[in-house]
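**Q** The structure that follows is given in the form of C-alpha cells.
Numbering (this note's numbering), first residue to last: 1 to 243.
Next up, the structure:
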C-alpha cells in the first residue's frame, strides 16, 4: 500500500451510521443528538486488525466531536484521516479545536425557535419544531433572500445546509487519498462507492447503493445490524488477502 503522503494513499473508507454503527445496544456506545448508536467489540477488533494492513479513513456525515467519541473508545485503531460533515471538513487528527464557519450564524438567526446542532464546522444543522410547516421551503427562501448558496440535506428530523452538494469522494481527494476499498449504506456514500475498486454494503442499504455495489460486482452482506458490520469487515480482510 502507498503510505507516502506526497502521493495518493490507497485506503479503506468506512462509513459509520448504518454501516458500522447501529441502534441495537452493543459494547461501544456513541452518543449523538438522535440518541446512541453502537459498535460491537468484534467489529472494533476487525477494524484494529485491518488498520495494520491498510490505512483507514472514516468518511461520515458526523462532525469531529461526534467521531471523537468513537475513536477515544478504540485507542488501538489507526486512522489515516477523517472525512467529516459529508466531505466538507478534512482532518488528520481529532483534537478539541473547532473552526466554525461564521457564514451560518446569519441563517440560523432567522430560526430562533429551531435547535441548532453544535460541533459542525462547515455546515449548519437544524432541528425544526414539530409545528414548523415546510421547513425546507422556509430555509430555501431565507437563502434566496440573503443571497447565500446552500444545499439542503434531510436526515430524519434534522436538516443540514451545506455550502453546495456534499461529496465524500471530494473530501477523500482533498485528504490526498484514493478509496481502494469502501463500505457504506446511504446515498451520501454513492460517489465514494462508485470510485472504489472494491465496494461493500449491507442488505439494509439504500436501494441505489445496493445497485452500485451490484454493478461493480462488490459485496452485499445478507445479514443485518452488527452481524452485517462484522461480515463486511471480514469481507474487507478477505479482499486484502487477495491483493
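The beta carbon of each residue, even a glycine, is placed where N, CA and C say it ideally should be.
What does the Cβ neighbour count give for residue 14, buried or exposed, with the cut at 16 atoms within 10 Å?
**A** Buried.
**Q** Pull the bridge partners of residue 17 from the DSSP assignment, please.
**A** In DSSP, residue 17 forms a bridge with 21.
**Q** Could you tell me the alpha carbon to alpha carbon distance between residue 265 and residue 64, rounded to whole angstroms?
**A** For residue 265 there is no data in the structure shown, the boundaries of the chain being 1 and 243.
**Q** Taking the alpha helix (DSSP H) that residue 239 belongs to, which residues open and close that run?
**A** Unbroken alpha helix (DSSP H) run through residue 239: 225-242.
**Q** So within the region 74-98, which uninterrupted beta strand (DSSP E) runs reach at least 3 residues, ignoring any that extend past its ends?
**A** The qualifying runs are 79-84, 89-91.
**Q** Take every Cβ of the region 184-194, pair it with every Cβ of the region 106-117, and state whether three or more of those distances are shorter than 8 Å.
**A** The answer is no - the region 106-117 does not touch the region 184-194, with fewer than three Cβ pairs under 8 Å.
**Q** Which stretch, first to last residue, makes up the beta strand (DSSP E) that contains residue 172?
**A** First-last for residue 172: 168-175, but that is the alpha helix (DSSP H), not the beta strand (DSSP E).
**Q** By how many angstroms is the C-alpha of residue 220 removed from the C-alpha of residue 213?
**A** Their Cα atoms are separated by approximately 7 Å.
**Q** Is the beta carbon of residue 12 closer than 8 Å to that of residue 74?
**A** In this structure, residue 12 does not lie closer than 8 Å to residue 74 by Cβ.
**Q** Let me know the beta strand (DSSP E) ranges lying completely inside the region 17-74, each 3 residues or longer, listed in chain order.
**A** Counting whole runs of 3 or more residues, the region 17-74 contains the beta strand (DSSP E) stretches 28-32, 35-39, 56-59.
**Q** Where does the unbroken alpha helix (DSSP H) through residue 132 begin, and where does it stop?
**A** It is not in any alpha helix (DSSP H) - residue 132 carries neither H nor E in the DSSP assignment.
**Q** Within 10 Å of its beta-carbon, does residue 17 have 16 or more other beta-carbons around it, so buried, or fewer, so exposed?
**A** Counting Cβ neighbours within 10 Å, residue 17 comes out buried, since at least 16 surround it.
**Q** Could you check the C-alpha separation between residue 195 and residue 115 for me, to the nearest Å?
**A** Approximately 36 Å between the Cα atoms of the pair.
**Q** Can you tell me whether residue 1 is buried or exposed? The criterion is at least 16 other CB atoms within 10 Å of its CB, across all chains shown.
**A** Only weak support is given to the placement of residue 1: the predicted model assigns it a pLDDT of 35, under 50, and the value that follows is read from those uncertain coordinates. Its Cβ having fewer than 16 others within 10 Å, residue 1 is exposed.
**Q** With 8 Å set as the bound, which would you pick, yes or no: does the beta-carbon of residue 157 sit closer than that to a beta-carbon of chain D?
**A** Here chain D cannot be found, since the structure has a single protein chain.
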